[in-house]
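As structure tokens, the structure follows; a few thoughts come after it.
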Amino acid sequence: MTLTVEARQHLGGFRLDASFTAEHGVTAVFGRSGSGKTSLMRVIAGLSRPDEGRVVLDGDVLLDTGQNIFVRPYRRRFGYVFQEARLFPHLSVRSNLAYGQWFSRHRSRRDEFDRVVEMLGIAPLLDRQPDALSGGEQQRVAIGRALLSAPRLLLMDEPLAALDEERKAEILPYLERLRDEAGIPIVYVSHSVAEVARLADQVVLMQEGQVAAVGDPGQVLAGRRASALDRREAGSVLSGRVESVDAVNGLATVRLRDLCLLVPDAGLAQGAAVRLHIPERDVIIATTEPVGLSALNILPGTIHAIETDGDGAVLVSLACGGNIIASRITSFSATRLELQVGQAAFAVIKSVALQR
1 MTLTVEARQH
11 LGGFRLDASF
21 TAEHGVTAVF
31 GRSGSGKTSL
41 MRVIAGLSRP
51 DEGRVVLDGD
61 VLLDTGQNIF
71 VRPYRRRFGY
81 VFQEARLFPH
91 LSVRSNLAYG
101 QWFSRHRSRR
111 DEFDRVVEML
121 GIAPLLDRQP
131 DALSGGEQQR
141 VAIGRALLSA
151 PRLLLMDEPL
161 AALDEERKAE
171 ILPYLERLRD
181 EAGIPIVYVS
191 HSVAEVARLA
201 DQVVLMQEGQ
211 VAAVGDPGQV
221 LAGRRASALD
231 RREAGSVLSG
241 RVESVDAVNG
251 LATVRLRDLC
261 LLVPDAGLAQ
271 GAAVRLHIPE
281 RDVIIATTEP
291 VGLSALNILP
301 GTIHAIETDG
311 DGAVLVSLAC
321 GGNIIASRIT
331 SFSATRLELQ
341 VGQAAFAVIK
351 SVALQR
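For the sequence shown, full-length UniProt numbering gives the first residue as 1, with consecutive numbering after it.
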């Protein structure tokens, strides 16, 4: 799948001028509120016609203002999941799902209905009404309805924004399964670093209506490119595999290239592929190996880069076992430690700061 998007549009005093190409998997359109994420999503969906732009999916031109081409939303065959579930209140869950399947070319395929229901874990909900569901359950049904329309592309506009942390934790595993099993490319809008770190294959960072960066989560969510997002969440995103599980102590060992990290077990299975998000603010730098700490992860490495942030902070990147781990410390600390590129150092990481 190749999705090409170009959009230039004046929206009152706001100007959208953005372009990117998505190849496969989950592409997260990420940035602060008001950065233009939803405006860009509406152009992709055909809900908004820009002043200038193009939208092309696998060679199928859906929008080209230069050639006066504009394919209407219902003809694009995209599934759209909003912040709110927007289920029909007078229909049962089963009927809401059947409404989505009505738009599919395979309306009578029972096996597809059963597959989506099983994947999203909504079989016990089929005979209930929407007002009897939790927020997380409603969103799972809304995703199922979109999937049963057999979309070529799934657009998800901050689907977890209206949920509390408990409901988010409930639905994220289903989104991971959707990413891995559905085989449908997804454009996922979010302002949450944790969601993007966990789900995305590629990140499009939006800032003031423009694309500030495009790349894998580890590149975009760390470093100076993180200036457009909340730095309390900015950090390193690392992918690895569970090497062993210590059920007694509730810990798992995750191998990341040439190093291992201890993380909370959280029901991980040996051999499982995982992605870890390490916030910059939770990484301490030591020039000598520390002892007598409660931190479980003390990693030897070499200082790869030092960048001044301009707000009294310094971003230090450490090369540890083939991985780059970012740490944000004060300029005073960097001066006091006399940090230099190429210097040996240790990254001290709290295990509780690691997220699956």
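Quick reminder that beta carbons are idealized off the backbone N, C-alpha and C, glycines included. Because the structure is a prediction, the values reported are computed rather than measured.
Short Cβ contact (8 Å threshold) for residue i with residue j
| i | j | result |
| --- | --- | --- |
| residue 122 | residue 141 | yes |
| residue 204 | residue 211 | yes |
| residue 174 | residue 27 | no |
| residue 290 | residue 298 | yes |
| residue 22 | residue 3 | yes |
| residue 218 | residue 237 | yes |
| residue 251 | residue 262 | yes |
| residue 214 | residue 30 | no |
| residue 321 | residue 259 | yes |
| residue 287 | residue 345 | yes |
| residue 113 | residue 97 | yes |
| residue 317 | residue 305 | yes |
| residue 32 | residue 191 | yes |
| residue 99 | residue 82 | no |
| residue 323 | residue 256 | yes |
| residue 138 | residue 130 | yes |
Chain-order list of residues whose beta-carbon lies under 6 Å from that of residue i (same chain, five-residue window excluded)
| i | result |
| --- | --- |
| residue 147 | 116 |
| residue 57 | 3 |
| residue 25 | 201 |
| residue 35 | 206 and 207 |
Bounding residues of the beta strand (DSSP E) (the contiguous stretch that carries residue i)
| i | result |
| --- | --- |
| residue 291 | Neither: residue 291 is in no beta strand (DSSP E) and is coded neither H nor E. |
| residue 49 | Taken as a continuous stretch (DSSP letters only), residue 49 belongs to no beta strand (DSSP E), as it is neither H nor E. |
| residue 9 | 3-11 |
| residue 279 | 273-279 |
| residue 255 | 251-256 |
| residue 241 | 235-246 |
| residue 421 | Past the boundaries of the shown model lies residue 421; the chain is included only from 1 to 356, so the question cannot be answered. |
| residue 264 | 259-264 |
| residue 61 | 60-64 |
Contacts around residue i, its chain only, beta-carbon distance under 7 Å, and the 5 residues preceding and following it disregarded
| i | result |
| --- | --- |
| residue 15 | 209 |
| residue 292 | none |
| residue 49 | 70 |
| residue 350 | 282 and 295 |
| residue 8 | 16, 17, 50, 51, 52 and 53 |
| residue 103 | 149 |
| residue 181 | 119 |
Close beta carbons around residue i, own chain, < 8 Å, minus the five adjacent residues each side
| i | result |
| --- | --- |
| residue 330 | 312, 313 and 314 |
| residue 224 | Because residue 224 carries a pLDDT of 49, less than 50, the predicted location of this residue cannot be relied on, and no value is offered for it. |
Residue from the options whose Cα sits closest to the Cα of residue i
| i | options | result |
| --- | --- | --- |
| residue 178 | 163, 144, 202 and 158 | 144 |
| residue 79 | 89, 68, 47 and 93 | 47 |
| residue 243 | 234, 119, 25 and 268 | 268 |
| residue 55 | 132, 153 and 348 | 153 |
| residue 72 | 126, 206 and 43 | 43 |
| residue 134 | 190, 255, 17 and 160 | 160 |
| residue 10 | 110, 59, 237 and 40 | 40 |
| residue 271 | 168, 240, 280 and 301 | 240 |
| residue 1 | 74, 120, 184 and 124 | 184 |
| residue 136 | 86, 99 and 103 | 86 |
| residue 77 | 84, 110 and 62 | 62 |
| residue 285 | 163, 254, 118 and 338 | 338 |
| residue 90 | 132, 110, 111 and 166 | 132 |
| residue 66 | 111, 59, 6 and 110 | 6 |
Nearest-angstrom beta carbon gap, residue j and residue i [assumed within contact, 8 Å]
| i | j | result |
| --- | --- | --- |
| residue 325 | residue 283 | 6 Å |
| residue 92 | residue 128 | 7 Å |
| residue 280 | residue 234 | 5 Å |
| residue 201 | residue 38 | Actually they do not touch by this definition, with Cβ atoms about 21 Å apart. |
| residue 245 | residue 216 | About 27 Å; that fails the 8 Å criterion. |
| residue 162 | residue 84 | 6 Å |
Bounding residues of the alpha helix (DSSP H) (the contiguous stretch that carries residue i)
| i | result |
| --- | --- |
| residue 337 | 331-337 |
| residue 184 | Careful: residue 184 lies outside any alpha helix (DSSP H) and carries neither H nor E. |
| residue 112 | 110-120 |
| residue 130 | From DSSP, residue 130 is part of no alpha helix (DSSP H); its letter is neither H nor E. |
| residue 124 | First-last for residue 124: undefined, no H or E at that position. |
| residue 219 | 217-220 |
| residue 26 | Note, residue 26: premise wrong, no alpha helix (DSSP H); beta strand (DSSP E) at 26-30. |
| residue 100 | 93-102 |
| residue 15 | First-last for residue 15: 14-22, but that is the beta strand (DSSP E), not the alpha helix (DSSP H). |
| residue 199 | 193-199 |
| residue 75 | 73-76 |
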